[in-house]
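Take a look at the structure set out below.
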Amino acid sequence: MNTLIVLAICLAAAVAAPIDSVEVRHDTLGNYNLRFQVPGISRVEDRDAFGNVNGGFSYYDDLGILRQTHFTSGVHGVHAVGTDIPVPVQDTPEVARAKAEHLAVLNAAYLSSPPSPHFFDF
């Protein structure tokens, strides 16, 4: 009887286990597709024959917040956008005006200075 109970518990645990999903496809031209999913984490990635990659991943952090990141890469580098990636701060109008005034002063000083001598002429 105890053996039957242990067997039933093992069977129930095996059936209740989460199903992981991994799918990878590729060809001889350099294309590939990746799909990966386990409970709370997923990743998707596609690459074409030119080396351009598009994809993303998501996961739940320790606070239970879903974090998602989407990315592309290719000849122009890697670009990632996500819920936890900081974005550049935009200048206020006052800061933009101060930067423009400072640049104008620097440019005027540069133009009013004598040219530097060239010791070697190649």
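Under mature numbering (1 follows the signal peptide of the UniProt record, and there is no 0), the letters of the sequence shown match residues -16 to -1, 1 to 106, in that order. Glycine included, each C-beta is placed from N, C-alpha and C at the ideal position.
Looking at residue i: is its Cβ nearer than 9 Å to the Cβ of residue j?
{"i": "V6", "j": "Y16", "result": "no"}
{"i": "A33", "j": "L18", "result": "no"}
{"i": "N36", "j": "V59", "result": "yes"}
{"i": "residue 127", "j": "D4", "result": "One cannot answer for residue 127 here, as it falls past the ends of the chain, which runs -16 to 106."}
{"i": "G40", "j": "R27", "result": "yes"}
{"i": "Y43", "j": "G24", "result": "yes"}
For a test of the three-state rule: what should DSSP assign to residue i, helix, strand or coil?
{"i": "V62", "result": "strand"}
{"i": "L18", "result": "strand"}
{"i": "R27", "result": "strand"}
Return the bridge partner residues of residue i from the DSSP annotation.
{"i": "F103", "result": "In the DSSP output, where bridge partners are listed per residue, F103 has none listed."}
- Just list the alpha helix (DSSP H) runs in the region 32 to 98, keeping only unbroken ones of 4 residues or longer that don't cross its boundaries, in chain order. 77 to 96
- How about the region 48 to 57 and the region 66 to 81: do they share at least three Cβ pairs that are nearer than 8 Å? yes
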